[in-house]
Amino acid sequence: MAQQSPVDIVEYTFAGKGAGNSALTSDYANAADRIANTGEFVKVRYDNGSAIRISGDEYRLIEARFHSPDEQAVIGNAPGRGEGDTVP
Numbered sequence: 046m047a048q049q050s051p052v053d054i055v056e057y058t059f060a061g062k063g064a065g066n067s068a069l070t071s072d073y074a075n076a077a078d079r080i081a082n083t084g085e086f087v088k089v090r091y092d093n094g095s096a097i098r099i100s101g102d103e104y105r106l107i108e109a110r111f112h113s114p115d116e117q118a119v120i121g122n123a124p125g126r127g128e129g130d131t132v133p
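Here the working numbering is used: the first residue of the sequence shown is 46, the next is one more, and so on.
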């Protein structure tokens, strides 16, 4: 069974659609619509059409969440300071 978190990224290869031409562009607005502290994380809500495009596919940003400590590791090293997650 796959687990979502925590994970340890030991190696990666971009293999998505158009991997040979993986253009990444973003169009984020400067301001959030709502910010809330839930007690578990800080939630930043966007209703203003912010988006990221990967190889021509567009993903709209709905919210970002920030919490500490972080749960992820890269090659066994966990920075531990905090992390942010985006919700497309």
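Idealized CB from N, CA, C, for every residue including glycine.
Asked	Found
Give the DSSP-derived three-state secondary structure of S95 in the structure shown.	coil
Out of S95, S113, F111, which has the shortest C-alpha to C-alpha gap to T70?	S95
Output the boundary residues of the beta strand (DSSP E) element that contains L106.	Note, L106: premise wrong, no beta strand (DSSP E); not H, not E.
What residue range does the beta strand (DSSP E) around N82 cover?	79-82
Which residue or residues does DSSP assign as beta-bridge partners of S113?	Answer by DSSP bridge pairing: none, since S113 is not bridged.
Run through DSSP, which three-state label would S100 get?	coil
Using 8 Å for Cβ pairs, my map puts A44 next to R90. What's the rounded Cβ distance?	The structure shown does not extend to residue 44, since the chain spans only 46 to 133, so no value can be given for it.
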